[in-house]
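Shown next, in structure tokens, is the structure this report addresses.
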Amino acid sequence: MRVLLVEPFLGGSHQAWAEGYQRHSANDVVIIGHEGHSWRWRLRGSWATLAAQARDLGDFDAVITSSMLDTAKFLGATRFRLGSTPVVHYMHENQLSYPVAAGQTPPVEHILTNWAATVVADQVWFNSQWHLDTWYAQLPDFLGRYRGDTHLDIVADVRHRSEVVPIGVDLRPFDAIPRSSRARPLVVWNQRWEHDKGLQQLSDALRSLAEQDVACDFAFLGEVPQTPPAVITELVAWLGDRVVHAGFADTPTYRRILRSADIVLSTADHEFFGIAITEAIYAGAAPLLPDRLVYPERIPEKLHDRVLYRNTPELVDGLVRLIKNSAERTAIVTALHSEMGRFDWSAIAADYDTRLASLVTRSATTA
-16 MRVLLVEPFL GGSHQAWAEG YQRHSANDVV IIGHEGHSWR WRLRGSWATL AAQARDLGDF
44 DAVITSSMLD TAKFLGATRF RLGSTPVVHY MHENQLSYPV AAGQTPPVEH ILTNWAATVV
104 ADQVWFNSQW HLDTWYAQLP DFLGRYRGDT HLDIVADVRH RSEVVPIGVD LRPFDAIPRS
164 SRARPLVVWN QRWEHDKGLQ QLSDALRSLA EQDVACDFAF LGEVPQTPPA VITELVAWLG
224 DRVVHAGFAD TPTYRRILRS ADIVLSTADH EFFGIAITEA IYAGAAPLLP DRLVYPERIP
284 EKLHDRVLYR NTPELVDGLV RLIKNSAERT AIVTALHSEM GRFDWSAIAA DYDTRLASLV
344 TRSATTA
């Protein structure tokens, strides 16, 4: 099959998703998109420029659009080219459930763009059950604020067309990197340096841990904004020579650090899937994760008591326990390795292919 994948934001996890599927799919996947910056403009304006690109690319059997695209406008602008071609809208994230930074207001226009995309798509794929459930739990209150014709009567129909279809992750490359050991356990935090990743809790926890004089080192990975948050830069400076890396790392360096990590932690206030945590666990790091968001879904229930924490003191206690107990770290990683491995693109791309083939067949029989 020939599949058009429309990703306006070719950067970070969005680019990895688009190119990962293209690389591993048995289909002929054609990607159109823009560079990974100016996300608000990508969400609001990319439909016009990408529709112009799509009109010159010939026919397709199926279309996949990203949640960074105003899919409703894009399909309107390509109606003469794409016609009744079945469309899947992939929900990486949504602006309704995304935590708002201090001093900002919820982006109503962006939320309506997300909602319109789910209405016009033939299928809506969410990257986790938590994401799907949260979106549909919050929609009635959001739509119900309007007077008359609130769309509440069509939510159930859109929900019926929605499925949980995980994102793929490039995990196999970690297998080619030897696992390295260190003199002191390495604690890794591999998240974007942004407000929605729980920066204050991270700082509080690691300062408390350091004051207990527990022998360990730290690595802070992830994308750093042009003006790094002071709470993190001050933490890194305070930890001093115990920090082995702070800031963005290229792919080889990132993978090498994860293969030497003993513990990975998250303090996120937002996580719809958790690619970075999936990578770190697969690479051999024992996780400590908040008992919220997608994490209870990602970790088998039998390990919740050992992996999930409810507050900062529990996080600090968990760090001390795992730093001092290498046998427990090994046991947790061993139990989780195959759980994470099921998200490798070798399995996920084949699932996408199967789902798309089924959608195309059904669309042909109902045309």
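Each residue of the sequence shown is one higher than the last, beginning at -16 in this note's numbering. Yeah, the Cβ is synthetic: ideal placement off N, Cα and C, and Gly gets one too. Here the structure is a predicted model, which is why all the values come from computation and not from measurement.
Three-way DSSP call (helix, strand, coil) for Asp11 in this model:
In the sequence shown, residue 11 corresponds to position 28, counting from 1. Three-state result, Asp11: strand.
Checklist entry - Looking at the unbroken alpha helix (DSSP H) that takes in Ser359, where does it start and where does it end? => result Here the chain comprises residues numbered -16 to 350, so residue 359 is not present and cannot be evaluated.
| Presumed contact (8 Å Cβ cut-off) between Thr96 and Lys180, rounded CB distance | Against the sequence shown, residue 96 aligns to sequence position 113. Against the sequence shown, residue 180 aligns to sequence position 197. 24 Å between Cβ atoms; not a contact.
For this session: Identify, in the order they occur along the chain, each residue of the same chain with its Cβ nearer than 7 Å to the Cβ of Gly127, setting aside the five sequence neighbours on each side.
Result: Position 144 of the sequence shown, counting from 1, holds the residue named residue 127. Once the five neighbours on either side are set aside, the close Cβ partners of Gly127 are Thr133 and Leu135.
Q.
DSSP has Tyr73 in a bridge; who is on the other side?
A. The sequence position of residue 73 within the sequence shown is 90, counting from 1. Note: Tyr73 sits in a beta bridge opposite Ser49 and Trp108.
Worksheet item: So what's Ala202 in DSSP terms, helix, strand or just coil?
Response: The residue labelled residue 202 in the question sits at position 219 within the sequence shown. Correct three-state label for Ala202: strand.
*Smallest Cα separation from Phe63: which of Val71, Tyr278, Glu76 and Asp39?*
Position 80 of the sequence shown holds residue 63. Answer by Cα proximity: Asp39.
Item to complete: Indicate, with yes or no, if the ligand FMN has a heavy atom lying under 7 Å from the CB of Gly301.
Response: The ligand FMN is not part of this structure, which contains no ligands at all.
**Asked** With contact counted as at least three CB pairs below 8 Å, one residue from each stretch, are the region 338 to 350 and the region 42 to 49 in contact?
**Response** yes
* Just grab the DSSP bridge partners of Ile246 for me. => The residue labelled residue 246 in the question sits at position 263 within the sequence shown. Answer is Val170 and Ala269, bridged to Ile246.
Under 8 Å, with one C-beta from each stretch per pair, do the region 272 to 283 and the region 11 to 31 reach the 3-pair mark?
no
*Roughly how many angstroms separate the alpha carbons of Gln174 and Phe203, rounded to a whole number?*
Locating residue 174 in the sequence shown gives position 191, where the first residue counts as 1. Locating residue 203 in the sequence shown gives position 220, where the first residue counts as 1. So the alpha carbons of these two residues sit roughly 8 Å apart.
Problem set entry | Distance CB(Pro356)-CB(Cys199) smaller than 8 Å | The structure shown does not extend to residue 356, since the chain is modelled only from -16 to 350, so the question has no answer here.
Validate contact between the region 134 to 149 and the region 209 to 227 using beta carbons, cut 8 Å, 3 pairs = no
Handout entry: Residues sharing a beta bridge with Glu(-10), DSSP
Key = Here residue -10 refers to the residue found at position 7 when the sequence shown is read from its first residue. Beta-bridge pairing links Glu(-10) to Gly16.
**Asked** What are the boundary residues of the alpha helix (DSSP H) that includes Ala299?
**Response** By 1-based counting over the sequence shown, the position of residue 299 is 316. Note that residue 299 is Val in the sequence shown here, rather than Ala. Start and end: Thr295 to Lys307.
Buried/exposed call for Val91, threshold 16 Cβ in 10 Å:
The residue you call residue 91 lines up with position 108 of the sequence shown. Result: exposed.
Notebook entry, point to check: Considering Ala60, what are the terminal residues of the alpha helix (DSSP H) in which it resides?
Noted result: Sequence index remark: in the sequence shown, residue 60 carries index 77 (1-based). From DSSP, the alpha helix (DSSP H) with Ala60 extends over Thr54 to Ala60.
Quick check: the Cα distance between Leu182 and Gly66, rounded to an integer number of angstroms? Here residue 182 is taken as the residue at index 199 of the sequence shown, counted from 1. Here residue 66 is taken as the residue at index 83 of the sequence shown, counted from 1. Rounded to whole angstroms, Leu182 to Gly66 spans 46 Å at the Cα level.
- Task: Measure how close the beta-carbons of Val316 and Ala244 come, nearest whole angstrom, since I'm counting them as under 8 Å.
- Result: Counted from its first residue, the sequence shown places residue 316 at position 333. Counted from its first residue, the sequence shown places residue 244 at position 261. Their Cβ separation, rounded to whole angstroms, is 10 Å, which puts Val316 and Ala244 out of contact at 8 Å.
Going by beta carbon distance, what residues of the same chain come within less than 7 Å of Ser8, once the five residues before and after it are set aside? Numbered from its first residue, the sequence shown carries residue 8 at position 25. Correct list, in chain order: Ala332, Tyr335 and Asp336.
For this session: Note the first and the last residue of the continuous beta strand (DSSP E) segment covering Ser145.
Result: The count along the sequence shown starts at 1 and reaches residue 145 at position 162. Ser145 to Val147 is the extent of the beta strand (DSSP E) around Ser145.
Cβ pair Trp108, Glu280 closer than 8 Å
Stepping through the sequence shown from its first residue, residue 108 is reached at position 125. Stepping through the sequence shown from its first residue, residue 280 is reached at position 297. No, the pair does not count as a contact, with Cβ atoms beyond the cut-off.
Any idea if Val83 is buried or exposed, counting beta-carbon neighbours within 10 angstroms, 16 or more meaning buried? Residue mapping note: residue 83 aligns to position 100 of the sequence shown, counting from 1. With fewer than 16 other Cβ atoms within 10 Å, it is exposed.
For this session: Tell whether a beta-carbon distance below 8 Å holds between Met323 and Leu192.
Result: Sequence index remark: in the sequence shown, residue 323 carries index 340 (1-based). Sequence index remark: in the sequence shown, residue 192 carries index 209 (1-based). Contact: no.
- request: Report the rounded CA-to-CA distance for Ala318 versus Gly301, giving the unit in angstroms.
  value: Locating residue 318 in the sequence shown gives position 335, counting from the first residue. Locating residue 301 in the sequence shown gives position 318, counting from the first residue. Taking the straight line joining both Cα atoms gives about 17 Å.
So, using beta-carbon positions, are His75 and Ser(-4) closer together than 8 Å? Taking the sequence shown and counting its residues from 1, the one referred to as residue 75 is at position 92. Taking the sequence shown and counting its residues from 1, the one referred to as residue -4 is at position 13. Yes, Cβ-Cβ distance for His75 and Ser(-4) is below 8 Å.
>> Am I right that Gly19 and Leu52 are in contact with their C-beta atoms under 8 Å? What's the rounded C-beta distance?
In response: One-based indexing of the sequence shown puts residue 19 at position 36. One-based indexing of the sequence shown puts residue 52 at position 69. In fact, because the Cβ distance is near 14 Å, the residues do not count as touching under 8 Å.
inquiry  = Judging by CA-CA distance, which residue of Ile258, Lys307 and Val197 is the nearest neighbour of Gln(-2)?
reply    = Within the sequence shown, residue -2 is the residue found at index 15, counting from 1. Of the candidates Ile258, Lys307 and Val197, the one whose C-alpha sits nearest the C-alpha of Gln(-2) is Ile258.
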